[in-house]
Amino acid sequence: MLDGGNSRKWTRRSVTTNTQGRNKSGQCSDPRKLRQEILDVTVSTSATLNLNKIETSQYQQIQHFDIRQLIAQNKDLASLVTVIVFDTETTGFSRERDHIVEIALQDLQGGENSTFQTLVNPECRVLNSHIHGITTNMVNRPDVPRMEDLIPILLKYVKSRQKPGGCVLFVAHNARTFDVPFLCNAFRRCGVDIPSDWLFKDTLPMGREAMKSEGSKPSSRSISLQALREHLGIPLDGSAHRAMSDVKVLAAVFQRLTFMLKLPLASLVEDAFTASEIGTPKKKSSR
DNA sequence: CATGGAAAATACCACTCTGA
DNA sequence: TCAGAGTGGTATTTTCCATG
248 MLDGGNSRKW TRRSVTTNTQ GRNKSGQCSD PRKLRQEILD VTVSTSATLN
298 LNKIETSQYQ QIQHFDIRQL IAQNKDLASL VTVIVFDTET TGFSRERDHI
348 VEIALQDLQG GENSTFQTLV NPECRVLNSH IHGITTNMVN RPDVPRMEDL
398 IPILLKYVKS RQKPGGCVLF VAHNARTFDV PFLCNAFRRC GVDIPSDWLF
448 KDTLPMGREA MKSEGSKPSS RSISLQALRE HLGIPLDGSA HRAMSDVKVL
498 AAVFQRLTFM LKLPLASLVE DAFTASEIGT PKKKSSR
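Quick note: the first sequence uses our numbering, first residue 248, plus one each step.
This is the structure we're talking about:
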């Protein structure tokens, strides 16, 4: 039924034909290439002008993009990239109103001090203790670091794991829309920039891709961290929804996914995103 | 509960085929 | 030649799902 009646808004679109395929009128099918083209134009036009805020952030994106490419093209990649799996527990879903209450990291290289875990004082009540078991009393104490206390320690820890001239690839499940935005906001509130050599990789699309390549039905394709863990036969070490046990699960899941999808470190780095690419909300139609 | 990306559903066009 | 059904392709909108 293509009638549609009067209740639905129809939008007239330009006439299309089936002879030109997707890339008609010179459109670029690869979003990254397209972005690069757009940015190239921005940079060349802004060369004679003062850079305003938007142009500056776009210019930063180019620099990050270049870092990713440079690193990915480097033959001795393992000596440049530090892979750190991380997970955060928060007081809720809102990145504006809610705060981090626990953070855990694991450097996949292993060795001494390869893990880092701490509770974080959110300086507000914890109303979702039933999720992770972290209560207001546990974190609202003078001996639990606030985010502004923790950031310098965190930066120092990551720096200690980082290789000279290299970058850090942070891996988290649903990183793009959860952990990284929370981290960005926490840094922003403290007036600290996330280092430009920090790259992020989300295991959620990797899980989706892996399940698809296995041919499992979309309806039975749950790609939550715990579903992936069960699917891959990874034992649960500790309780779910505590940062360090989730990190341990994710570390195993991540390594299995990279193996299943045959993803070399170079492509992981190239597909990674930066903190500057987070927090620019896309316009969404009302539902 | 907030948010955004992916997948699915829907809309609509050009074109082909078929029967009268 | 014409009308109508069917098909293929693309654009847009809606729904689902992941995170604490």
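C-beta: ideal position from N, C-alpha, C; glycine also.
Contact check for M507 against A457 passes: the beta carbons are separated by less than 7 Å. DSSP, read as helix, strand or coil, puts I381 in coil. Under the criterion of beta carbons closer than 8 Å, L512 and V328 qualify as touching, at roughly 6 Å.
Counted as a single uninterrupted DSSP element, the alpha helix (DSSP H) harbouring L504 occupies residues 490–507.
For F340, no pairing in a beta bridge is given by DSSP. Taken through DSSP and simplified to helix, strand or coil, K322 comes out as coil. F447 is bridged by DSSP to F417, F520. Here S361 has Q353, D354 as same chain residues with Cβ atoms under 7 Å from its own Cβ, once five neighbours each way along the sequence are excluded. Burial state of A433 is buried, judged by a 10 Å Cβ sphere holding 16 or more other Cβ atoms. The residue from E395, W445, S492 with its alpha-carbon nearest to that of V418 is W445. Counting only residues of its own chain and dropping the five nearest sequence neighbours on each side, H478 has a CB closer than 8 Å to the CB of M458.
Taken through DSSP and simplified to helix, strand or coil, A351 comes out as strand. In terms of CA proximity to L366, I381 leads the group L374, I381, Q409.
If you draw a straight line from the Cα of N375 to the Cα of F501, it comes to about 27 Å. The C-beta of A319 has 16 or more other C-beta atoms within 10 Å across all chains shown, which makes the residue buried. Residue environment for P482: exposed (fewer than 16 other C-beta atoms within 10 angstroms of its C-beta). Q409 counts as buried, since no fewer than 16 other beta carbons sit within 10 angstroms of its beta carbon. In this structure, the alpha-carbon of L497 lies about 12 Å from that of K448.
Distance from the CA atom of G485 to the CA atom of S492, rounded to whole angstroms, is 5 Å. Under DSSP, N368 takes part in a beta bridge, and its partners are R393. Proximity to I350 across S523, M394, E359 peaks at M394, based on C-alpha coordinates.
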